[in-house]
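Protein chains: 2
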Amino acid sequence: MNAAPRSTPSPTPGTTLTFTTERQLDDGVLERRFTLGDAPGIPGILWTPATATPSAPAPLILLGSPGGLGLDRMYPRLVGRARHAAVDGIATVALEGPGSGDRPPLPGADQARADLRSALSAGEPVPDEVVDRLVLPLVDQAVPEWQAALDALLALPEIGGPVGVSGGVIAVGVRLAVVEPRLVAAGLFAGSYVPRATVEEARRVTIPVHVLLQWDDEGNDRQAALDLFDAFGSAEKTLQANLGGHTGVPAFAGDDAARFFARHLR
Amino acid sequence: MNAAPRSTPSPTPGTTLTFTTERQLDDGVLERRFTLGDAPGIPGILWTPATATPSAPAPLILLGSPGGLGLDRMYPRLVGRARHAAVDGIATVALEGPGSGDRPPLPGADQARADLRSALSAGEPVPDEVVDRLVLPLVDQAVPEWQAALDALLALPEIGGPVGVSGGVIAVGVRLAVVEPRLVAAGLFAGSYVPRATVEEARRVTIPVHVLLQWDDEGNDRQAALDLFDAFGSAEKTLQANLGGHTGVPAFAGDDAARFFARHLR
Chain X
206 MNAAPRSTPS PTPGTTLTFT TERQLDDGVL ERRFTLGDAP GIPGILWTPA TATPSAPAPL
266 ILLGSPGGLG LDRMYPRLVG RARHAAVDGI ATVALEGPGS GDRPPLPGAD QARADLRSAL
326 SAGEPVPDEV VDRLVLPLVD QAVPEWQAAL DALLALPEIG GPVGVSGGVI AVGVRLAVVE
386 PRLVAAGLFA GSYVPRATVE EARRVTIPVH VLLQWDDEGN DRQAALDLFD AFGSAEKTLQ
446 ANLGGHTGVP AFAGDDAARF FARHLR
Chain B
206 MNAAPRSTPS PTPGTTLTFT TERQLDDGVL ERRFTLGDAP GIPGILWTPA TATPSAPAPL
266 ILLGSPGGLG LDRMYPRLVG RARHAAVDGI ATVALEGPGS GDRPPLPGAD QARADLRSAL
326 SAGEPVPDEV VDRLVLPLVD QAVPEWQAAL DALLALPEIG GPVGVSGGVI AVGVRLAVVE
386 PRLVAAGLFA GSYVPRATVE EARRVTIPVH VLLQWDDEGN DRQAALDLFD AFGSAEKTLQ
446 ANLGGHTGVP AFAGDDAARF FARHLR
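Protein chains in written order, with the numbering used here: chain X, 206 to 471; chain B, 206 to 471.
Given below as structure tokens:
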């Protein structure tokens, strides 16, 4: 069922969240699509468990997406994670990333991807400066967008926090964990390139982190992931490495990550 | 309450399990001390959940002990793990290790320990051959003892398998996983020295493994643990690394390990 668009003013000037559609999933989860900010705005999806009410507002997990894959392609995996979190009484939100879906490409992204492919097809290590050009502009744009989304979402009566971030481009999660004081837990997927600057930023992270690593991830540097894990300054940090490639995360690893969030957000 | 000693003949000649004491813990778990083999025999403790009966025999976890620490010193931690497993309907058993408690020292063990201390106090890496002398004689003796215990325990009507091994000296767990076909899952603690031969043996392990690593374990070589994990030939293998020193395994890591066993033994 489609609801009439509804706008919620947010405490951050210029950050308006406008619901465009809503439907109830069979497990009682409410799925609402929205756009954030002025037209055309940034598309997003908010899932709230049936238990989320103004008198018992829900915690929230920001669901990151891999860079470049749009919300539509990611939807099946995102809604699965949303349903899983809803069982624990936790709301979830996904946002179309910069350069993803119908959003305009990030400046320099095409060139950075071409340089990445050249290095990979030549069988050479990917130069640090290519990783920087590939990832850092995305981080710089995605993080304030997530913060604006948080401003708007925490103003909803049924969303109360605390807030966690789960998955997506790991450098985005690390930056968010450093700059966003409303974040209390980060579940990260070590499945994307790690700029050197991100390892340095990780030393300033103090919230609990749970890092998933696929041990045989084809396009991922295992040592870089271990170095990043080593760098986190958090008093509670867990690395869970599982056999398999990038898309082979076993179901029990998803369960363990869900328990990590339930422990810190409930 | 103490029960009269009772002997159970086992299918392996010469391996007799004699119960010496029994008491019921407050959660209904039955704790029985026993000796294995001819007098004086090897002391051990068997814990069975109230749900274990001849018509519904329980799976079994072999609880390893760190080398050198006797059953008495390990008892509080062992009984904690036994109670945890019993909640999942799983029986557990601990055995006094070779050279531990009142058992005679292993030949060469004192010299190997002295050589280890020399290397450590000189701030030098521990030579491979010292690790070999320290660990391999223990493996060679402990593994057949565990197998004899298994023969006797699986002959009990209330114990049915399948069988897992949990913790203890990691080289013992790896050898057991290679040579003992009744073992279906290994939960290992990467907190002891790893002989080079153990890494080679790990390639022949095919049962699911769950490896706990304390990221900042003072007396442990992190890279050796990662190399060992990499070597396992299992189609399901998980490494869980947590912040902290040797004895700082967080409670949630114990819960995750318990779920690993429940998944594979139930």
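For each residue, glycine too, the CB sits at the ideal point set by N, CA and C. Just so you know, these numbers come straight off a predicted model, no measurement behind them.
Inter-residue Cα distance where the pair is Thr-221(B) and Thr-240(B): 8 Å
Close Cβ partners of Ala-209(B) (< 7 Å) along its chain, the five nearest in sequence each way excluded: Here Ala-209(B) scores only 41 on pLDDT, less than 50, and its place in the model should not be relied on; the value that follows carries that caveat. The answer is none, since no qualifying residue turns up.
Leu-448(X) to Gln-419(X) span [Cα, whole Å]: 6 Å
Opposing strand residues paired with Trp-252(B) [DSSP bridges]: Glu-236(B), Thr-297(B)
Residue burial classification, Thr-226(B) (beta-carbon count within 10 angstroms, cutoff 16): Under this definition Thr-226(B) is an exposed residue.
C-alpha gap between Asp-435(B) and Glu-405(B), whole angstroms: Taking the straight line joining both Cα atoms gives about 11 Å.
C-beta neighbour in chain B for Gln-419(X), strict 7 Å: no
Extent of the continuous beta strand (DSSP E) run through Val-368(B): 364 to 372
Distance, Leu-341(B) Cα to Asp-232(X) Cα: 55 Å
Coil, strand or helix - Thr-220(B) by DSSP: coil
Same chain, Cβ closer than 6 Å to Thr-403(B), neighbours up to 5 away in sequence not counted: Ala-376, Val-379
Whole-angstrom distance between Asp-356(X) and Pro-218(X), CA atom to CA atom: Here Pro-218(X) scores only 43 on pLDDT, less than 50, and its place in the model is too uncertain to base an answer on.
Any C-beta of chain X under 7 Å from that of Asp-432(B): no
Beta-carbon proximity of Val-399(X) to Leu-433(X), cut-off 7 Å: yes
Element boundaries [alpha helix (DSSP H), containing Val-383(B)]: Counted as a single uninterrupted DSSP element, the alpha helix (DSSP H) harbouring Val-383(B) occupies residues 375 to 384.
Counted within 10 angstroms of its Cβ, other Cβ atoms place Val-298(X) as buried (16 or more) or exposed: buried
Gly-392(B) - partner residues in DSSP beta bridges: Ser-371(B), His-415(B)
C-alpha distance - Thr-411(B) paired with Arg-282(X), whole-angstrom precision: Taking the straight line joining both Cα atoms gives about 30 Å.
Sequence-distant residues of the same chain with beta carbon closer than 8 Å to Pro-216(B), five excluded per side: With a pLDDT of 42 at Pro-216(B), under the threshold of 50, the predicted position of this residue should be treated as unreliable, and no value is reported.
At least three beta-carbon pairs within less than 8 Å, the stretch 342 to 349 of chain X to the stretch 250 to 264 of chain X: no
One or two residues paired with Ala-446(X) in a DSSP bridge: Leu-418(X), Leu-444(B)
Residues near Trp-351(X) in its chain [Cβ-Cβ closer than 7 Å; skip 5 each side]: Only Leu-267, Leu-300, Leu-381 meet the Cβ criterion.
Cβ of Leu-448(B) within 7 Å of any chain X Cβ: Leu-448(B) counts as touching chain X.
Between the CA atoms of Gly-306(X) and Leu-321(X) - distance to the nearest angstrom: 21 Å
DSSP three-state assignment for Arg-211(B), whether helix, strand or coil: Summary for Arg-211(B): the model assigns pLDDT 45, below 50, so the residue's position carries little reliability; its value from the coordinates is reported in the next sentence. It is a strand residue.
Ser-323(X) versus Ala-314(X) - alpha carbon distance: 14 Å
C-beta neighbour in chain B for Thr-443(X), strict 7 Å: yes
Gly-246(B) versus Asp-461(B): straight-line alpha-carbon distance, rounded: Cα-Cα distance, rounded: 34 Å.
Contact list for the stretch 456 to 467 of chain B against chain X, Cβ threshold 9 Å: Phe-457, Ala-458, Asp-460, Asp-461, Arg-464, Phe-465
Which listed residue (Ala-458(B), Tyr-280(B), Leu-274(B), Gly-273(B)) has its alpha carbon closest to that of Glu-236(B): Taking each of Ala-458(B), Tyr-280(B), Leu-274(B), Gly-273(B) in turn and checking the Cα distance to Glu-236(B), the smallest one comes out for Tyr-280(B).
C-alpha gap between Asp-421(B) and Asp-421(X), whole angstroms: 24 Å
Rounded Cβ spacing between Phe-465(B) and Ala-390(B) (contact assumed at less than 8 Å): 7 Å
Contact list for Ala-440(X) against chain B, beta-carbon separation under 8 Å: Leu-448
First and last residue of the uninterrupted alpha helix (DSSP H) at Gly-242(B): Element bounds for Gly-242(B): n/a, residue is neither H nor E.
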